[in-house]
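Numbering (our numbering), first residue to last: 30 to 363.
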């Protein structure tokens, strides 16, 4: 059976439709019975609820993957050398976020319907995760020689298989909605002359192209030095260098800073995003260098997802750096 939940998909971005207190503020007309503005706000709110669901699911997958590294992903529970840490803290948040997303207006058929299959799985997972955490935290396995561990493992594996099937329609619908929202927002930024926001989004778009290329080449820590095509990544590196330079220029322009509702002395969030963008750019350089020099990953690192995603130049490290870039992007637009 294939290993379960080993690839961490990229996070996605929250969106905004203008800065509060400006002429573009979508919130300013809510009390004036202007339906268009109210509808716009509702759509942004619902979209961001779904972004929360998507990103929490990725966090859950990582935690579940950590469990499978210790206990194995086969039907037979694998007794670990040490203790097992079961911390699926995301489940209550996922349930709450799914309920909010589905109830929010307007109705989005494909996304809303996808939660009909996902939500019951997490409602079933919640008490199981609590029982597993108590069992391992309290070291109950020392008294029953892991008998209960096998029962928990079997049930957890069953639910994860259901999850893997149910999450596919959600991801398909979410990818479509993300593409629509990003295109709409980019056009808005250009129309309004908000070049800081536009250049920031351009950086994200190029970074996503890097991840898309990793996916297209089917690269991972085990094969990227033998199967990777560095020339494709070099072309993206040039695009990223230009996008980062354009953003750096724009955040030094006081007029553009003011358009984002900021003062020239209050640009820390812009600078932090630039730092993360430079870190991602450096990670891409490391990937290119390792492909060109054929510097493979050692077996010990390959067996541990934490070491693998923190190893310079691996595809997994690129994903980690991208997700940190997304986090800073989301912080910078709030």
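Positions of the beta carbon are idealized from the N, C-alpha and C atoms, including for glycine.
Item: Tell me the DSSP secondary structure of residue 330 in three-state form.; Value: helix
Item: Hey, which unbroken runs of the alpha helix (DSSP H) at 4 residues or more fall wholly within the stretch 239-298?; Value: 253-256, 259-279 and 283-288
Item: Using the Cβ count rule (16 or more neighbours within 10 Å means buried), how would you classify residue 208?; Value: exposed
Item: Which value, in whole angstroms, describes the spacing of the CA atoms of residue 26 and residue 146?; Value: Examination of residue 26 is not possible in this model, given that the chain is present from 30 through 363 alone.
Item: Might you give, ordered along the chain, the residues of its own chain that have their beta carbon closer than 6 Å to the beta carbon of residue 134, omitting 5 neighbours on each side?; Value: 71
Item: Output the distance between the C-alpha atoms of residue 51 and residue 229, rounded to the nearest integer angstrom.; Value: Caution applies to residue 51, whose pLDDT of 43 falls short of 50 and renders its modelled position unreliable; the value that the coordinates give is listed next. So the two alpha carbons sit approximately 20 Å from each other.
Item: By a C-beta neighbour count over all protein chains shown, 10 Å radius and 16 as the cutoff for buried, is residue 223 buried or exposed?; Value: buried
Item: Judging by CA-CA distance, which residue of 175, 139, 78 and 150 is the nearest neighbour of residue 112?; Value: 175
Item: Where does residue 121 sit, in a helix, a strand or coil, going by DSSP?; Value: helix
Item: Where residue 159 and residue 351 are concerned, what is the direct C-alpha to C-alpha distance, given to the nearest angstrom?; Value: 31 Å
Item: Evaluate residue 123 with the Cβ neighbour count: other Cβ atoms within 10 Å of its Cβ, from every protein chain shown; 16 or more gives buried, anything less gives exposed.; Value: buried
Item: Work out the CA separation of residue 169 and residue 305 for me, nearest whole Å.; Value: 43 Å
Item: Between residue 256 and the rest of its own chain, which residues show a CB-CB distance below 8 Å, the 5 nearest in sequence each way excluded?; Value: 246, 247 and 248
Item: Starting from residue 345, trace the alpha helix (DSSP H) in both directions and tell me its first and last residue.; Value: 344-361
Item: Could you tell me the alpha carbon to alpha carbon distance between residue 334 and residue 220, rounded to whole angstroms?; Value: 43 Å
Item: In three-state DSSP terms, what is residue 128?; Value: helix
Item: Return the CA-CA distance between residue 311 and residue 236, expressed in angstroms with no decimal places.; Value: 12 Å
Item: Locate the alpha helix (DSSP H) running through residue 153, then write down its first and last residues.; Value: 138-166
Item: Which first and last residues belong to the alpha helix (DSSP H) in which residue 195 is found?; Value: 176-221
Item: Over what stretch of residues does the alpha helix (DSSP H) that includes residue 173 continue unbroken?; Value: 170-173
Item: Helix, strand or coil for residue 70 per DSSP?; Value: helix
Item: Do you know offhand how far residue 172's Cα is from residue 95's?; Value: 24 Å
Item: Among the candidates 234, 202, 199 and 198, whose CA atom is the shortest distance from the CA of residue 215?; Value: 234
Item: Which residues in the same chain as residue 275 place their Cβ atom closer than 6 Å to its Cβ, once the five residues preceding and following it in sequence are excluded?; Value: 228
Item: Measure the C-alpha to C-alpha separation of residue 309 and residue 177 and round it to an integer number of angstroms.; Value: 44 Å
Item: For residue 100, which residues from the same chain have a beta carbon less than 8 Å from its beta carbon, with the 5 sequence-adjacent residues on both sides left out?; Value: 106, 107, 109, 113, 178 and 182
Item: Quick check on residue 114: does DSSP put it in helix, strand or coil?; Value: coil
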